[in-house]
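This report concerns only the one structure given below.
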Amino acid sequence: MSLIPHLINGERIDDQGRTADVFNPSTGEAHRKVGLASRATIQQAIDAAKAAFPAWRNTPPAKRAQVLFRFKQLLEANEAVISRLIAEEHGKTLEDAAGELKRGIENVEYACAAPEILKGEYTRNVGPNIDAWSDFQPLGVVAGITPFNFPAMVPLWMYPLAIACGNTFILKPSERDPSSTLLIAELFHQAGLPKGVLNVVNGDKEAVDALIEAPEVKALSFVGSTPIAEYIYAEGTKRGKRVQALGGAKNHAVLMPDADLDNAVSALMGAAYGSCGERCMAISVAVCVGDQIADALVDKIVPQIKGLKIGAGTNCGLDMGPLVTAAARDKVVGYIDDGVAAGAKLVVDGRGYRVAGHEDGYFVGGTLFDNVKADMRIYQEEIFGPVLCIVRVGSLEEAMQLINDHEYGNGTCIFTRDGEAARLFCDEIEVGMVGVNVPLPVPVAYHSFGGWKRSLFGDLHAYGPDGVRFYTRRKAITQRWPQRASHEAAQFAFPSNG
Ligand code: NAD
130 MSLIPHLING
140 ERIDDQGRTA
150 DVFNPSTGEA
160 HRKVGLASRA
170 TIQQAIDAAK
180 AAFPAWRNTP
190 PAKRAQVLFR
200 FKQLLEANEA
210 VISRLIAEEH
220 GKTLEDAAGE
230 LKRGIENVEY
240 ACAAPEILKG
250 EYTRNVGPNI
260 DAWSDFQPLG
270 VVAGITPFNF
280 PAMVPLWMYP
290 LAIACGNTFI
300 LKPSERDPSS
310 TLLIAELFHQ
320 AGLPKGVLNV
330 VNGDKEAVDA
340 LIEAPEVKAL
350 SFVGSTPIAE
360 YIYAEGTKRG
370 KRVQALGGAK
380 NHAVLMPDAD
390 LDNAVSALMG
400 AAYGSCGERC
410 MAISVAVCVG
420 DQIADALVDK
430 IVPQIKGLKI
440 GAGTNCGLDM
450 GPLVTAAARD
460 KVVGYIDDGV
470 AAGAKLVVDG
480 RGYRVAGHED
490 GYFVGGTLFD
500 NVKADMRIYQ
510 EEIFGPVLCI
520 VRVGSLEEAM
530 QLINDHEYGN
540 GTCIFTRDGE
550 AARLFCDEIE
560 VGMVGVNVPL
570 PVPVAYHSFG
580 GWKRSLFGDL
590 HAYGPDGVRF
600 YTRRKAITQR
610 WPQRASHEAA
620 QFAFPSNG
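Adding 129 to a residue's 1-based position in the sequence shown gives its number in my numbering.
Laid out in structure tokens, this is it:
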């Protein structure tokens with residue numbers, strides 16, 4: 130069984146330490162092993178990143194951008210092999226894997242604008258013959274810790290921009306599907322990235338804790354579940370680090386009585402069941418305003434859920450693959466059991482779903498609950514599986530109150546033809562990313578991504594303009610050159626233009 134190693138100082142490293150099995154969720158087979166970095170291995174990565182920083186910091190942004198341009202080309206050229214690795218270890222379909230890679234590449238494209246992004250701000254004559262400017266300077270060694278559900282895209286949210294800004298980076302990907310992440314980092318080296326600028330350490334809590342505790346690591350970007358996001362935010366900020374920690378979600382779609390139902394149903398199908406519901410922007414709750422739209426939704430969506438094409442992610446032309454691990458499948462089944470016990474109406478039951486030839490895969494079929502209430506666990510908690518819950522309410526105000534009262538605030542959307550309702554929704558909803566007739570309002574790379582409430586700890590969102598702010602610190606420089614031999618008396622009043 131092949132071992133997925135670490136990548137430190139441009140070299141593949143097997144530290145001969147602990148390992149974990151990596152499964153193919155479509156077959157249930159443990160087909161690779163991944164190294165779990167020890168503290169000593171993390172220190173090796175930190176030392177490499179620290180040593181690479183002075184030269185990389187002083188590399189002109191235009192030269193950094195040239196490496197990023199070549200990296201983009203290599204990512205595009207390797208789309209098929211990367212997508213296959215994602216499908217083999219995550220279980221999502223090949224088409225979905227290619228989609229996440231393309232969205233990741235958009236972040237590389239944004240980072241290619243390094244010379245423009247890092248121009249800083251300049252003002253001539255802030256006082257008599259005094260000029261001032263703000264520099265965006267890199268922080269030094271920064272680290273990213275990423276989840277299993279986007280092994281290509283989420284790391285690409287982080288390190289291309291951090292590196293474009295002149296930092297050196299240590300990435301700790303998810304130990305459940307690390308192969309595509311490692312290959313992508315190797316492509317960056319093939320593109321001409323100097324050794325030590327990007328290091329990948331595979332591992333678990335031991336590796337994460339070593340990164341949190343290391344004084345050399347100046348900032349941490351985290352994406353994953355809320356309990357770990359909160360832990361990393363608390364432990365990192367306590368040590369004086371800059372931290373952005375993106376957590377879990379429960380994303381609601383509001384269906385107004387005037388929604389274009391056919392399109393809303395198509396949108397909900399993709400957003401609820403795409404990637405087997407394992408997306409932080411997946412729609413897991415449909416809030417129907419009025420029984421009429423709720424009944425019509427159930428009538429239209431049930432045959433489509435029953436018709437989902439489910440199979441091994443590595444096969445083409447499917448809608449949905451398996452869940453990532455046996456534990457993830459059992460957790461989702463546990464939630465369905467719980468919803469039934471709590472009295473929600475199970476309209477389509479995905480438990481016990483079998484795919485011929487893949488009997489040991491971690492499959493759950495598309496599942497639909499109706500008449501879900503706000504006090505049920507299936508409503509309150511993130512299921513992270515192919516389960517859509519319908520909640521029936523009487524008005525838009527009631528729908529918005531429900532969403533605003535939820536602990537998560539990552540994404541939401543409204544389906545309507547009423548501009549006034551849509552405007553009110555955008556204005557007053559307590560959620561970080563909002564779609565109007567757009568089910569997955571994931572911001573493009575030149576805007577920033579982030580939720581509200583317990584979906585994000587920290588203040589700057591991921592990638593885009595907020596990412597530049599996160600990975601740089603400002604230095605404000607004020608300069609004057611007094612005339613030679615002129616004598617100026619001491620001034621005791623605070624200097625001003627007044
Ligand atoms: P996770 O929190 O289990 O793991 C994320 C990372 O943290 C992994 O690298 C993992 O190794 C590490 N980790 C796990 N347990 C740890 C511990 N006790 N101490 C230190 N580090 C630990 O998340 P996951 O299951 O990989 O991903 C799914 C979750 O991520 C979902 O909750 C999903 O909503 C969330 N997510 C959020 C966003 C977002 O942008 N808000 C995006 C993608 C995924």
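Ideal Cβ placement from N, Cα and C applies to all residues, glycine included. These figures come from a predicted structure and were not determined experimentally.
So, is residue i buried or exposed, given that buried needs 16 or more other C-beta atoms within 10 angstroms?
| i | result |
| --- | --- |
| ASN254 | exposed |
| GLN173 | buried |
| THR607 | exposed |
| HIS381 | buried |
| THR541 | buried |
| TRP185 | buried |
| GLU218 | buried |
| ARG546 | exposed |
| LYS660 | Absent from the structure is residue 660, since the part of the chain shown begins at 130 and ends at 627. |
| MET529 | buried |
| SER221 | The sequence given here places Lys at residue 221; Ser does not occur at that position. Classification of LYS221: buried, given that the 10 Å Cβ count is 16 or more. |
| TRP610 | exposed |
| VAL461 | buried |
| ALA618 | exposed |
| HIS535 | buried |
| PRO568 | buried |
| PRO257 | exposed |
Identify the continuous alpha helix (DSSP H) that holds residue i and give its terminal residues.
| i | result |
| --- | --- |
| SER131 | Counting along the chain, SER131 falls outside any alpha helix (DSSP H), though it belongs to the beta strand (DSSP E) covering 131-133. |
| PHE351 | From DSSP, PHE351 is part of no alpha helix (DSSP H) but of the beta strand (DSSP E) over 346-352. |
| GLY554 | Before going further, note that residue 554 is Phe rather than Gly in the sequence given. Note, PHE554: alpha helix (DSSP H), 548-557. |
| THR541 | Premise fails: THR541 lies in the beta strand (DSSP E), 540-544, not in any alpha helix (DSSP H). |
| ILE109 | No statement about residue 109 is possible, as the shown extent of the chain runs from 130 to 627 and does not include it. |
| TYR251 | From DSSP, TYR251 is part of no alpha helix (DSSP H) but of the beta strand (DSSP E) over 250-256. |
| ALA261 | Not the alpha helix (DSSP H): ALA261 falls in the beta strand (DSSP E), residues 259-267. |
| ASN533 | 525-534 |
| ASN392 | 390-402 |
| ALA209 | 208-218 |
| GLN433 | 420-435 |
| PRO189 | Taken as a continuous stretch (DSSP letters only), PRO189 belongs to no alpha helix (DSSP H), as it is neither H nor E. |
| PRO611 | It is not in any alpha helix (DSSP H) - PRO611 carries neither H nor E in the DSSP assignment. |
Is residue i helix, strand or coil by DSSP?
| i | result |
| --- | --- |
| ALA618 | coil |
| ALA415 | strand |
| MET449 | strand |
| VAL461 | helix |
| ALA605 | strand |
| ILE512 | coil |
| GLY273 | strand |
| LYS582 | strand |
| TYR537 | strand |
| LEU322 | coil |
| VAL571 | coil |
| ARG199 | helix |
| LEU316 | helix |
| GLY358 | The sequence shown places Ala at residue 358, not Gly. Helix, per DSSP. |
| ARG141 | strand |
| GLY365 | helix |
| PHE599 | helix |
| SER630 | Residue numbering for the chain in the displayed model covers 130 to 627; residue 630 lies beyond these limits and cannot be assessed. |
| ARG483 | coil |
| PRO624 | coil |
Beta strand (DSSP E) containing residue i: first to last residue?
| i | result |
| --- | --- |
| VAL563 | 562-565 |
| ARG232 | Here ARG232 belongs to no beta strand (DSSP E); instead the alpha helix (DSSP H) covers 223-240. |
| LEU165 | Element bounds for LEU165: n/a, residue is neither H nor E. |
| TRP286 | No beta strand (DSSP E) holds TRP286; the alpha helix (DSSP H) holding it covers 282-293. |
| ALA299 | The residue asked about is misnamed: residue 299 is Ile in this sequence, not Ala. Residues 297-301. |
| HIS487 | First-last for HIS487: undefined, no H or E at that position. |
| ALA374 | 371-375 |
| LEU384 | 380-384 |
Among all the DSSP beta bridges, which residues are the ones paired with residue i?
| i | result |
| --- | --- |
| VAL329 | LEU136 and LEU300 |
| VAL151 | ARG161 |
| ASP499 | LYS474 |
| CYS405 | For CYS405, which the question treats as bridged, DSSP gives no partner whatsoever. |
| LEU517 | LEU497 |
| ALA591 | PHE578 |
| ILE439 | MET449 |
| VAL522 | VAL418 |
When every heavy atom of the ligand SAM is checked, does at least one fall within less than 7 Å of the C-beta of residue i?
| i | result |
| --- | --- |
| VAL337 | As presented, the structure is devoid of the ligand SAM, carrying the ligand NAD as its sole ligands. |
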